[in-house]
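So the sequence shown is numbered by our numbering: it starts at 3 and just counts up by one. From the three backbone atoms N, C-alpha and C, an ideal C-beta is built for every residue, glycine too. Computed from a predicted structure; not experimentally measured.
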Amino acid sequence: MQKEIRLENITKRFPGVLADDHVNMIISAGTVHAVVGENGAGKSTLMNILSGLYQPDDGRILVDGEQVRFENPRQAMRRGIGMVHQEFMLVRNLTVLDNIILGFEPSRAGMISRSVARRVLKDLMNAYKLDVPLDETVERLPVSMQQRVEIVKALYRGADVLILDEPTSVLTPQESRVLFAAIRELVSRGKTVIFISHKLGEVLEVADRISVMRDGRVVGELPASDATERTLARLMVGRDVLMNFTPPGKPQGDPVLEVKEMTVKDARGLEVVKQVSFTVHAGEVLGIAGVAGNGQSELVKAIVGLVPTCSGSIHISRRDVTKASVKHRRQAGMRYIPQDRAWVGTCRQSALWKNLLMGYEHYRKFSRFGLLRLDVVRRFASDLVARFGIKTASLYVPAGTLSGGNLQKAIVARELALGPRLLIAEDPTRGIDIGATEFVRRQVLQVAEGGGAVLLVSQDLQEVMALSNRILVMHKGQIVGERMPAETTEEELGLLMAGRATRGTHDGR
Ligand SMILES: Nc1ncnc2c1ncn2[C@@H]1O[C@H](COP(=O)(O)OP(=O)(O)OP(=O)(O)O)[C@@H](O)[C@H]1O
Ligand SMILES: [Mg+2]
Numbered sequence: 003m004q005k006e007i008r009l010e011n012i013t014k015r016f017p018g019v020l021a022d023d024h025v026n027m028i029i030s031a032g033t034v035h036a037v038v039g040e041n042g043a044g045k046s047t048l049m050n051i052l053s054g055l056y057q058p059d060d061g062r063i064l065v066d067g068e069q070v071r072f073e074n075p076r077q078a079m080r081r082g083i084g085m086v087h088q089e090f091m092l093v094r095n096l097t098v099l100d101n102i103i104l105g106f107e108p109s110r111a112g113m114i115s116r117s118v119a120r121r122v123l124k125d126l127m128n129a130y131k132l133d134v135p136l137d138e139t140v141e142r143l144p145v146s147m148q149q150r151v152e153i154v155k156a157l158y159r160g161a162d163v164l165i166l167d168e169p170t171s172v173l174t175p176q177e178s179r180v181l182f183a184a185i186r187e188l189v190s191r192g193k194t195v196i197f198i199s200h201k202l203g204e205v206l207e208v209a210d211r212i213s214v215m216r217d218g219r220v221v222g223e224l225p226a227s228d229a230t231e232r233t234l235a236r237l238m239v240g241r242d243v244l245m246n247f248t249p250p251g252k253p254q255g256d257p258v259l260e261v262k263e264m265t266v267k268d269a270r271g272l273e274v275v276k277q278v279s280f281t282v283h284a285g286e287v288l289g290i291a292g293v294a295g296n297g298q299s300e301l302v303k304a305i306v307g308l309v310p311t312c313s314g315s316i317h318i319s320r321r322d323v324t325k326a327s328v329k330h331r332r333q334a335g336m337r338y339i340p341q342d343r344a345w346v347g348t349c350r351q352s353a354l355w356k357n358l359l360m361g362y363e364h365y366r367k368f369s370r371f372g373l374l375r376l377d378v379v380r381r382f383a384s385d386l387v388a389r390f391g392i393k394t395a396s397l398y399v400p401a402g403t404l405s406g407g408n409l410q411k412a413i414v415a416r417e418l419a420l421g422p423r424l425l426i427a428e429d430p431t432r433g434i435d436i437g438a439t440e441f442v443r444r445q446v447l448q449v450a451e452g453g454g455a456v457l458l459v460s461q462d463l464q465e466v467m468a469l470s471n472r473i474l475v476m477h478k479g480q481i482v483g484e485r486m487p488a489e490t491t492e493e494e495l496g497l498l499m500a501g502r503a504t505r506g507t508h509d510g511r
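If you want it as structure tokens, here you go:
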């Protein structure tokens with residue numbers, strides 16, 4: 003299954019953008035080749051070309067020395083190249099098995115072909131330790147499992163070269179470990195993995211070689227053993243990126259968000275948040291740490307107003323909003339950076355400027371007598387694009403044409419735009435490149451410095467430690483500990499997150 007891939011002078015233009023500019027890359031068989039670079043550098047576009055989704059304007063692709071042309075992903079698949087996209091492409095209301103065999107049935111004989119497929123898949127899942135529930139409907143699966151389905155689907159269809167576009171941005175640190183083990187298994191069996199990520203630590207861990215892209219060009223290529231996070235960051239951004247923050251001091255403002263004895267049930271009626279109480283004050287960043295699936299996301303959804311509470315109360319600036327709509331909570335000064343920014347709070351078909359204005363249309367500043375003041379709106383939108391470094395050809399392109407990270411930045415920009423009184427931020431730097439991560443973190447701190455209150459829920463313990471005045475740890479729907487960042491360590495938080503008690507007087511509520 004030798005599969006050496008050569009990309010020669012690959013060039014791709016979109017209206018107003020040169021996404022890839024004479025890109026050269028050699029990807030050796032049986033290796034993990036990482037591609038890193040800032041948001042909008044051209045990584046996904048390049049891989050979309052290699053996987054047949056887009057055709058290059060110029061340049062050529064060679065597979066084992068032979069020039070190929072892919073009109074569509076199916077043709078690329080026939081040459082053993084498969085891709086798992088930043089946004090998954092599964093049919094949500096079909097089962098896993100149907101998604102995998104859709105259009106690739108082993109024979110036309112109905113039942114028989116399904117049982118053949120099932121057997122082949124069982125072997126495959128065993129070989130790579132990638133179990134997926136074949137008879138479950140896709141929409142019932144957590145994202146990490148959906149991703150695994152995409153990987154199994156590509157392997158079933160014969161991928162020898164597997165392209166993973168930011169696979170870990172939807173995974174918890176624990177789930178990432180499982181993925182890395184699978185990647186090692188794939189490579190040890192002669193497969194090739196192309197791995198895109200903004201997390202340089204994991205790139206160094208998993209890759210053999212690394213290509214660095216900037217503004218559509220490859221600006222460096224080196225073996226992972228010769229690279230450090232610092233050298234990669236400098237190549238990517240063109241300057242040193244300082245990731246050090248001084249943790250904020252002790253704020254003593256008025257309570258902005260008060261959650262009292264709140265209980266939330268999930269769709270099956272199980273209590274996923276149990277009697278949780280806490281207060282976030284003006285000027286404070288309260289961090290919530292926890293292993294995904296311990297109630298944090300339901301806690302956030304209840305505070306934002308997306309799911310009802312079962313008991314308890316929520317106050318924003320002393321107003322009872324327990325039963326209020328999302329809209330009313332926003333009017334009370336709440337802003338929300340959701341975890342799933344590709345879909346929540348975005349309209350991909352609408353122009354970027356409309357997405358940036360979403361939720362503010364009726365502000366007096368932006369409309370008069372029911373008409374938008376287009377000049378003011380345009381200035382507002384272009385100011386956000388400049389401040390947040392959102393890479394786009396114009397304000398008028400559909401938001402969905404932005405690169406993954408630039409769309410994320412747009413949502414963050416909108417929610418931070420008018421100085422929120424209360425910011426609920428879920429993994430605010432997921433999918434965002436290192437330069438922009440630094441910027442977004444400063445913005446979050448500025449909300450607090452300006453007298454706002456921030457509730458930060460993040461998978462990234464370093465992020466929680468760096469930005470929070472105070473950290474609550476959640477485990478099985480309860481707050482199991484409270485720590486000041488200066489008085490704890492990632493190890494201690496890790497133990498609390500795993501449900502193991504440590505020293506301390508605040509615990510055991
Ligand atoms: N379908 C499209 N139509 C118009 N422009 C596009 C399209 N796809 C990508 N672009 C533009 O091409 C450039 C490169 O985007 P690409 O998605 O390749 O970046 P990326 O390196 O993957 O970034 P990220 O890290 O944010 O995912 C961006 O400026 C983007 O807006
Ligand atoms: Mg991308």
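Nearest-angstrom Cα separation, counted from GLU187 out to LEU64: 26 angstroms
Any non-hydrogen atom of ligand 2 closer than 7 angstroms to GLY406 Cβ: yes
Distance cut-off 7 angstroms: GLN298 Cβ against heavy atoms of ligand 2: no
Helix, strand or coil at ARG511 according to DSSP, with G and I counted as helix: Legend: pLDDT at ARG511 = 41, less than 50; position of this residue unreliable, value from coordinates given subsequently. Coil, per DSSP.
Residue range of the alpha helix (DSSP H) that includes MET499: 492 to 499
Nearest-angstrom beta carbon gap, GLY84 and ALA161 [assumed within contact, 8 angstroms]: 3 angstroms
Beta-carbon spacing of ASN296, MET147 below 8 angstroms: no
VAL69 - partner residues in DSSP beta bridges: Checking the sequence shown, residue 69 turns out to be Gln, not Val. DSSP lists LEU64 as partners of GLN69.
Own chain partners of GLN448 with C-beta closer than 6 angstroms, once the 5 adjacent residues on each side are dropped: none
DSSP-derived helix/strand/coil call for GLN4: coil
Residues sharing a beta bridge with SER227, DSSP: Bridge partners of SER227: none, in fact.
ASN26 CB to nearest heavy atom of ligand 1 below 7 angstroms: no
HIS330, DSSP secondary structure in three states: helix
CB of ILE481 within 8 angstroms of CB of VAL302, strictly: no
Inter-stretch contact at 8 angstroms, needing at least 3 Cβ pairs: the region 111 to 130 / the region 74 to 92: no
Whole runs of the alpha helix (DSSP H) within the region 354 to 390, excluding any shorter than 4 residues: 354 to 359, 376 to 389
Cβ shell of THR13 (< 7 angstroms), same chain only, five flanking positions each side left out: ASP22, ASP23, HIS24, PRO58, ASP59, ASP60, GLY61
Distance CB(VAL261)-CB(ILE305) smaller than 8 angstroms: yes
Closer than 7 angstroms: GLN149 CB and nearest ligand 2 heavy atom: no
As assigned by DSSP and simplified to three states, the class of PRO430: coil
Touching by the beta-carbon criterion (3+ pairs, under 8 angstroms), the region 347 to 360 and the region 309 to 320: no
Assigned exposure category for LEU474 - 16 Cβ within 10 Å defines buried: buried
contact_flag[the region 231 to 244, the region 267 to 279] where n(CB pairs < 8 angstroms) is 3 or more: no
Under the three-state DSSP convention, the category LEU1 falls into: Because the chain is modelled from 3 through 511, residue 1 falls outside the range shown and cannot be assessed.
Pair within 8 angstroms by beta-carbon distance, PRO17 and ALA395: yes
Opening and closing residue of the alpha helix (DSSP H) in which ASN101 lies: 98 to 103
GLU484 beta carbon less than 8 angstroms from that of THR431: no
N- and C-terminal bounds of the beta strand (DSSP E) containing VAL274: 273 to 283
SER115 versus GLU141: straight-line alpha-carbon distance, rounded: 24 angstroms
In DSSP terms, what ASP322 is bridged to: HIS317
CB-CB length for LEU164 against LYS193, believed under 8 angstroms: 6 angstroms
Beta-carbon spacing of GLY454, ALA226 below 8 angstroms: no
Cβ-based burial, VAL93 [other Cβ within 10 Å; buried from 16]: exposed
Collapsed DSSP secondary structure at VAL459 in the structure displayed: strand
C-beta atoms of SER213 and VAL37 nearer than 8 angstroms: yes
Beta carbon of THR348 nearer than 8 angstroms to that of LEU409: yes
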